[in-house]
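Just so you know, we're using our numbering here: the sequence shown kicks off at 487 and counts up by one.
Report on the structure given below.
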Amino acid sequence: MKKLLCSLVAMTGLAFANTSNAEPVEYEFDTVHSQVIFKINHLGYSNSFGKFRQFRGDLTFDKDDWSNSSAAVEINAKSIDLENKKWNAHMRDPDFFHVEKHPIMSFKSTKLEKNGDNTGVLHGDLTILDQTKPVSLELTLNQAGIHPMSEKPHVGFSARGTIKRSEWGMEYGVPAVADEVHIIIEVEASAK
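Following this line, the structure appears as structure tokens:
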């Protein structure tokens, strides 16, 4: 009986050790259920929304130690969509994204700080027009768990932030078309 109790105590200890020292999980973006959106003020009259329709991303997330997490995203600048053909063409030309010369924008995280039960700040380097500047995004963990259909680990995040486009050399139209760009990112990712 004494040996049985000792074995049970040892097994319980191992079980708790395994759950508290979970390894980081590698995920890739589910682009069907993820969106990269921006909002910018137009002449003071309206806030216009646009999105990038083509992007890819990977992330590593450690739910027990957020600091042991990372993310990397590549965005096809030509995929910008403001739901207007003429406006889209202008956004792709040298006044804005100059997509022929700078086809890819990217973000690579440098640090993730947890500041609440399900919230944190994601720091990283954002590259636009081949210029790289640091940015910080407010991050909310929506859910981490086993997806009911794929039965694979999934994770979902919402990220929000604001940048000044002029800091990346995109100065056309400022201040009539606002310098401040609000970034709205929704990510659902599936374990690799």
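Glycine included, every Cβ here is placed at the ideal spot set by N, Cα and C.
Owing to the predicted nature of the structure, the values given are computational and were not obtained by experimental measurement.
Euclidean distance between Cα positions of residue i and residue j
i	j	result
S676	I670	20 angstroms
F515	Y658	32 angstroms
S592	I561	6 angstroms
F541	L598	21 angstroms
K549	L627	10 angstroms
K587	G536	21 angstroms
Closest Cα partner of residue i within the set the options
i	options	result
K525	S556, D567, I561, E560	D567
G606	T613, S595, I614	S595
I523	E512, P510, F538, Y531	F538
H633	F582, E674, G655, N570	E674
E512	K638, N570, I649	K638
Q629	H609, P661, V641, S520	V641
D611	D581, W654, H519, K564	W654
Short CB-CB distance (under 7 angstroms) between residue i and chain C
i	result
K549	Among the chains of the structure shown, chain C does not appear; only one protein chain is present.
Three-state secondary structure (DSSP) of residue i
i	result
C492	For C492, the predicted model reports a pLDDT of 43, less than 50, meaning its position is unreliable and no value from the coordinates is stated.
H519	helix
N562	strand
K537	strand
K600	strand
H576	helix
E514	strand
K549	coil
E637	coil
Residues that residue i bridges to, as DSSP identifies them
i	result
Y658	In DSSP, Y658 forms no bridge with anything.
S592	E560, T613
Cβ-heavy atom distance, residue i to the ligand ATP, below 6 angstroms
i	result
S595	This structure simply doesn't include the ligand ATP, nor any ligand for that matter.
Close-in-space but distant-in-sequence residues of the same chain around residue i (CB under 7 angstroms, 5 per side omitted)
i	result
V559	F541, G543, S592, F593
Contact set for residue i: own chain, Cβ-Cβ below 6 angstroms, skip 5 residues either direction
i	result
H668	K525, T648
Cβ shell of residue i (< 8 angstroms), same chain only, five flanking positions each side left out
i	result
A664	I526, N527, H528
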